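This report concerns only the one structure given below.
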Amino acid sequence: MQGMTMGNIIRRVAQRYPNREAVIFQETRLTYADFNRRINQLAHALMRLGLAKGAVVAIFSQNRHEYLEAYFACAKVGLILNTLNWRLSPREITFMINQSGSSVLLIEDQYQDFFHDFLEDLQCAHVIILNGSPRLPHALTLAQFTAGMPDDEPAVAVSPDDAVLLLYTSGTTGTPKGALITQSNVVWDAMAYLYHTEIRTGDKLLQPMPFIHVSGIHILTMVFLFKGLPVVIQPVFNPAETCRLIEQERCTVACILVPALQGLMRYEQLTQYDFTSLRLVLTAAASYTRELCYETIARLGLEKLLIGYGLTEATPAVTMTEHTGETLWKENCLGWPIWTDDVRVVTPEGADVLVGEVGELLVRGPNVFKGYLGLNDATARTLRDGWLWTGDLVRMDADGCLFFVDRSKDMIKSGGENIYAVEVEMALMQTNPEIQEAIVIATPDDKWGEAVTALLVLKPGYSVSPEIIQERTRTQLASYKLPKKFHFITEVPRSISGKVQKHLLRQTFGGQ
1 MQGMTMGNII RRVAQRYPNR EAVIFQETRL TYADFNRRIN QLAHALMRLG LAKGAVVAIF
61 SQNRHEYLEA YFACAKVGLI LNTLNWRLSP REITFMINQS GSSVLLIEDQ YQDFFHDFLE
121 DLQCAHVIIL NGSPRLPHAL TLAQFTAGMP DDEPAVAVSP DDAVLLLYTS GTTGTPKGAL
181 ITQSNVVWDA MAYLYHTEIR TGDKLLQPMP FIHVSGIHIL TMVFLFKGLP VVIQPVFNPA
241 ETCRLIEQER CTVACILVPA LQGLMRYEQL TQYDFTSLRL VLTAAASYTR ELCYETIARL
301 GLEKLLIGYG LTEATPAVTM TEHTGETLWK ENCLGWPIWT DDVRVVTPEG ADVLVGEVGE
361 LLVRGPNVFK GYLGLNDATA RTLRDGWLWT GDLVRMDADG CLFFVDRSKD MIKSGGENIY
421 AVEVEMALMQ TNPEIQEAIV IATPDDKWGE AVTALLVLKP GYSVSPEIIQ ERTRTQLASY
481 KLPKKFHFIT EVPRSISGKV QKHLLRQTFG GQ
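Listed below in C-alpha cells is the structure:
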C-alpha cells in the first residue's frame, strides 16, 4: 500500500476537489488547490536547505493553517514535524529541540519574545516566523522562506513506514519521551475515525483541539482533509468563540475535549447561539458522567455524541463509544476497540485476566507508533511482541466493552488494599451535586502508607462539608476507599490535552 502516504492523499484530494474549501482560519479561506500549492512551496523550501530524509522540523504555535501546511510539507519530503507545547518552559523546549536534533524552528509571531533569551541555546540552524515580522536574529518570514519556490509536487520517495510526527510525552515521571508516528499510522487512524463517525459529504468541522497534541492534529482533522471537506481552525478553545464559529460557519461537527465541553455547558450565553447545523460532537476522555452526555446532547441538539479513548502512542484512537438522545450506553465506558485494532487485558506478567477483572490494556494495530526517539529500552518496555502496553488499567465486561479504572501509576495502595482513584472520583461526583470536579490522589500517611486524598472544585455558590461528602459517598464505596483527607481548590492544573496533572497536585498536597 505504497500510496498510503499523507502527501499522496492530499495531492489526490486537491486534484479531485480543487475549488472546495480546505481550511478556514480567521480571515483566511483556502481551497484545496491553494492549500496544496502552499504545502508544495514550503516542501521545496525545506528541501533547498539540504535536509536529509528523517530530519526534524520543530514548530511552536497555536492552531493556524500554516501548522497543517508544515505537517503536510514535511510528509511530502520525508521530514518529521516536532510539535512543541507552547505552555512549556524554556528548559523543556530546549531539551525537546536539541534532543530531537531539530534543524528548523517554525515560530508563531506572538512567541518570538519567549525565545529571545534562550535562542542561542538551541541547535537549530534556521528560524522561520509563520506570521508577522521577524524580531529574532537571522529569522525569516514564511513568505521570504518560500519566495520563488515552485508549487509542483516534490520528487521525493516517501514510504508509509517513514516517521512523520514527533510528539513528546508529558514526562510526569522523568525525562519526556518523543513518540514517533509514521505516515501509515496517521492514515490508518483517519480511516478508523472515518468508519466510526460516518462523516458525510457537506459536513464542516470545527477544530479547537490543540494541534500540538495528537488528538488535535489527528482526530477528525485528517479525516476531513483526506475526504476533501472543510476544517474551521480555532487557535485555542474559548466558549464564546466556539459558539460564534459554529453559528457563523454552520459547522456540522466539532471536536471538543471533555474539560472544554464542561466549560461550554457552563457558558452563560450558550442559549443565545444557533446550533441547528451541529449534529455531532466528538470528545475524548478516560472518564465522564452520564449527566454531561445528556446535557451536551440536549443543549446542543445533537444527533449523537461520540467519546473516544486513546493515547499518543496509538495515534491516538483505541476505542469509541456512541451516545444519542435516546440511548446512553454503559456509563463511563470507553466503548469497543476501533475496527483496526485488537486489545487484551492482562496481569503485570502478561497473562489474560478473566472477564470483569482489572488489568493493563494492551493494543495491537496499524495505528500503534514506531517507538521512542533514541530510547531503545523505553521502546522495548512499551512495545512487546507486537503489543502496546498502555499503562492504563481497565476491565472488560461480557459484551467486550472496556471500562477505564485508573492509570497504573495513579493507583493508591492504602492499608494493604489497592484503590482506584477514578472509582473514588466518580462516586464523589455522583453522590454530591455541589462538586464540579473531583481529583483523587495518594498522599503519604504514617498509618495507612498512602491516604486517599480528595481535591474538590465546588460549583459556584455552593458549599458542603467533608463530613457530609463522606456520609453520602459511603453509599457507593467501601469504607476503606473513602477519602481520608479533603482539600477544596479553585483551579486544576492541566496539560494542553486537558489531562489533570496529578503529579503537580501530589507535589503541592503531598505533605499536607
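Numbering of the sequence shown is given in the UniProt record's numbering, commencing with residue 1 and proceeding in unit increments.
Where a beta carbon is used, it is the ideal one built from N, C-alpha and C, also for glycine.
If you're wondering where the values come from, they're calculated on a predicted model, not measured in any experiment.
CB of Gly449 within 8 Å of CB of Ser414, strictly: yes
Coil, strand or helix - Val13 by DSSP: helix
First and last residue of the uninterrupted alpha helix (DSSP H) at His138: Taken as a continuous stretch (DSSP letters only), His138 belongs to no alpha helix (DSSP H), as it is neither H nor E.
Alpha carbon of Thr221 to alpha carbon of Pro466, nearest angstrom: 44 Å
8 Å contact criterion, which Val223 and Leu194 should meet: CB distance rounded: 5 Å
Residue environment, His138, which counts as buried when at least 16 other CB atoms sit within 10 Å: exposed
Rounded straight-line distance, which links the Cα of Glu69 to that of Ile39: 5 Å
Inter-residue spacing [alpha-carbon to alpha-carbon] between Lys409 and Gly391: 8 Å
Classification of residue 519 by the beta-carbon crowding that lies within 10 angstroms, buried from 16 upward: In this structure the chain extends from 1 to 512, so residue 519 is not present and cannot be described.
Buried or exposed by the 16-neighbour rule on C-beta atoms within 10 Å, applied to Ser61: buried
Inter-residue spacing [alpha-carbon to alpha-carbon] between Ile24 and Leu206: 9 Å
C-alpha gap between Glu313 and Ile9, whole angstroms: 23 Å
Assigned secondary structure, Ser103 (DSSP; H/G/I helix, E/B strand, else coil): strand
Outcome for Lys204 when other beta-carbon atoms lying within 10 angstroms are tallied against a minimum of 16: buried
Test item: CB-CB of Thr83 and Ile59 under 8 Å: yes
Environment of Trp339 [buried if 16+ CB atoms lie within 10 Å]: exposed
Closest Cα partner of residue 520 within the set Val464, Ala33, Gln501 and Leu458: Missing from the structure shown is residue 520; the chain here goes from 1 to 512 and no further.
Expected contact under 8 Å - CB spacing of Leu88 and Leu166 to nearest Å: 14 Å between Cβ atoms; not a contact.
Cα-Cα separation, Pro366 to Ala378: 20 Å
Cβ neighbours of Arg250 in the same chain (closer than 7 Å, five flanking residues each side left out): Lys204 and Ser277
Residue range of the unbroken beta strand (DSSP E) whose run includes Cys255: Val253 to Cys255
Gly371 (DSSP reduced to helix, strand or coil): strand
Bridge-paired residues (DSSP) for Arg37: The partner list for Arg37 (beta bridge, DSSP) is empty, contrary to what the question assumes.
Cβ separation of Met4 and Val164, assumed to be a contact under 8 Å, to the nearest whole Å: Not quite, the Cβ-Cβ distance comes to about 12 Å (not below 8 Å), so this is no contact.
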